[in-house]
Structure formats: C-alpha cells, structure tokens
Amino acid sequence: MIRKAVVAGQFYPAQAHELRSDVEGYIEGARIPADVAGAVCRGLIVPHAGYVYSGPVAGGGYACLASLDKSVHTTVVILAPSHHVWFKGAALPEADMFQTPLGDINVSDAAKLLTKGSSVFTSGEAHAMEHAVEVQLPFLQVSLKDFDIIPLVLGEVDTESLAQELLALNLPHMLVVASSDLSHYDPYDMAVEHDHTTIGHILEGEGGKLGGDDACGFMPIRTILAMAHVCGWKSRLVDYRNSGDTAGDKSAVVGYASIGFWEDRNGHE
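In our numbering, the protein residues as written are 81 to 349.
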C-alpha cells in the first residue's frame, strides 16, 4: 500500500524539478557550526511548515547530514506530532511505501518489530492527512542516497519507553528526525523570547519542561532527547528563525529551529 503525498502543491512544490531545486537551495544556503562540521550526525529537530516559511531553517538541519556515509543504507526514524487525530501511543502507517514528487520511499521492515511494544500500533488514519512526516521526505531524498523510514506519528505517549524501544532495534545506521515547530502566533518579539527559552531547555536535555505551548512536537522532541541522553549525543543549535523573518509578517509568527545531535569526534556514543 502506498501513502500518497497529500500536501504537495500546498506545503511544497508538486513538480519534481522545482521541488528538488528548492530543497537543494535550502541545504546549500545553510551554515553548519564549525565545531561539528566533520562529526557524525545522529539526529535532527527540524520544522514542518510550508517551505516558504520554514524551508530555509529545515535546510540548515539537513545540511548536517553531509558528514554521513552515503554508501551505507540508513534507516530514518521520523517522529511527528499528530495534528488531526487524538490518540494514545505511537502510530505506524498501514502503508509500506510513502510517495513524494521525487519518488517512493520504503517503510523499513524493522518497523514491524515495534508493534510488539506496548505503545506502538498501526493506524492509517493517523498518517492519512499528517503533513509533519511528509514534509521531511523531500529533504531526506535530496540528502541521502539509500534509506528507508520508520514514520511514527505520536499521540500521548511515554517518551522514555518509546526511546528505549527504538534503541532496542539496534539498527547499525539509524538517523532520528523529530519534526516540530516552536511557538505559534505570538507577536515577533514575544515569540523570539519564548522560543529561545524552549531552545535552551532542549539543549540542556530538559524535555520534561516542554509542553504544547512551546512546541507542537514536544512529544517527538522529548523522545529524541531521551535517545540522546542514553547514547551520549551532543546537541547544537544550527538555525533559528520564525515566519516573521522568512515570510515578513511579524504580527503573529511561528517559530522554527533546526537542532542537530552528534557523536563525539572519536565516533563514540
């Protein structure tokens, strides 16, 4: 079963050549912190708005994948909030393939192992209209050569337990992408202050201090922070802007950050 693209032509271009050009431009225009430029990136927090709003910030996150070995197969765990359906747990799709204008992406066979966990189940409804997974896919298609995905839409879930379930898969080359915007519809100056407080909590690993007013994807963020704590990944802010910076209207803005998680310079986790 294929999960077809539902926000192509709305959140991002529906034409493949235009989409690829836009995504390549966002990535090429990014600046990676110099002290992590050669380190191995293991995870990202990136926004999921329409590309005209958050594409430049997302590009900063995906630019961090330049250090990955593109010759090996990577499984990308995508953690996204649910914008349309309320539920408890973490939802895998019924589909075994996701489609974008750039091609099809396989859902990893390893996803089936998660359904044995107490919090993970399968729901086509949770994924049917969810853009927070879909908008990450073209960035992955441009950034990686050989990959599949484990797309999880999160409801109310024990993020510590979910992190343990994901790490227990023991995948040799795993990348974790937490999909989240930050504050919503505050005036510009208020949003900047709010978002920098939120970013501070993230960089300090304080996921428990985050809620829905801080980030719509606070559950995905808590999950990647729990994984980072276990694995010893180090986090850095790559880019922060809001829709007032990218689209111009500063009366009510949405905040966007890209944050990377890296192994140390010796490759130890």
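The beta-carbon is built from N, C-alpha and C at its ideal position, and this holds for glycine as well.
Remember, it's a predicted structure, so these values are computed and weren't measured experimentally.
Short Cβ contact (9 Å threshold) for residue i with residue j
i: A295; j: L262; result: yes
i: V213; j: S260; result: no
i: E343; j: R122; result: yes
i: L232; j: L217; result: no
i: S351; j: K225; result: As shown, the chain starts at 81 and ends at 349. That puts residue 351 outside it, with no answer to give.
i: Y131; j: V86; result: no
i: S134; j: Y336; result: yes
i: A138; j: V222; result: no
i: H207; j: A170; result: no
i: T277; j: L234; result: no
i: D149; j: H253; result: yes
i: Q179; j: R100; result: no
i: P136; j: Y106; result: yes
i: W108; j: V165; result: Contrary to the premise, residue 108 reads as Glu rather than Trp in this sequence. Not in contact: E108 and V165 (Cβ atoms no closer than 9 Å).
i: M177; j: M307; result: no
Nearest residue (CA-CA) to residue i, options the options
i: Q244; options: R111, G139, A117 and S198; result: S198
i: D266; options: N322, K196 and L217; result: N322
i: L251; options: Y131, D228, H281 and G297; result: D228
i: S188; options: K196, K168 and T154; result: T154
i: S356; options: V120, G109 and V272; result: In the structure displayed, the chain extends from 81 to 349; residue 356 sits before or after that span and is not available.
i: G291; options: L182, Y142, A327 and P161; result: P161
i: V156; options: H207, D269, L220 and W313; result: L220
i: I230; options: T239, L249 and E240; result: L249
i: Q90; options: K289, P181 and C311; result: P181
i: R111; options: S101, I82, Y92 and Y142; result: Y142
i: A146; options: K289, Q179, G288 and V116; result: V116
i: S203; options: K192, V272 and P173; result: P173
i: A175; options: W166, K168, I185 and F167; result: I185
i: F341; options: G297, V310 and A327; result: V310
i: M209; options: H163, A191 and A271; result: H163
i: F167; options: G140, M177, V200 and C144; result: V200
i: G328; options: T239, Y268 and L194; result: Y268
i: G118; options: H97, G140 and C144; result: C144
i: M270; options: E284, G288 and D293; result: D293
i: W313; options: G288, E284 and K289; result: E284
i: G183; options: A88, H264 and I301; result: A88
Any non-hydrogen atom of the ligand NAD closer than 8 Å to residue i Cβ
i: T239; result: Of the ligands one can find in the structure shown there are none, so the ligand NAD has no counterpart to examine.
Strand pairing of residue i, partner residues [DSSP]
i: I82; result: M177
i: D319; result: S338
i: L255; result: V156
i: H264; result: V334
i: Y92; result: A88
i: L220; result: Looking at the DSSP assignment, L220 forms no beta bridge with any residue, so it has no partner.
i: N186; result: M177
i: P231; result: I158
i: V126; result: S259
i: C121; result: W342
i: K150; result: Beta-bridge pairing links K150 to no other residue.
Presumed contact (8 Å Cβ cut-off) between residue i and residue j, rounded CB distance
i: V318; j: A129; result: At roughly 17 Å, the Cβ-Cβ gap does not stay under 8 Å, so V318 and A129 are not in contact.
i: M299; j: V237; result: 6 Å
i: S338; j: I158; result: Rounded, the Cβ-Cβ distance is 15 Å, inconsistent with contact.
i: L305; j: I279; result: Rounded, the Cβ-Cβ distance is 12 Å, inconsistent with contact.
Enclosing alpha helix (DSSP H) for residue i [first to last residue]
i: C144; result: Premise fails: C144 is in no alpha helix (DSSP H) and is neither H nor E.
i: D102; result: A96 to E108
i: L194; result: A191 to L194
i: C296; result: That residue, C296, is in no alpha helix (DSSP H); it is neither H nor E in DSSP.
i: S211; result: Per the sequence presented here, residue 211 reads as His, with Ser not at that position. Unbroken alpha helix (DSSP H) run through H211: H211 to E214.
i: A243; result: T239 to A248
First and last residue of the uninterrupted beta strand (DSSP E) at residue i
i: V200; result: V200 to T202
i: A171; result: A170 to L172
i: P113; result: Neither: P113 is in no beta strand (DSSP E) and is coded neither H nor E.
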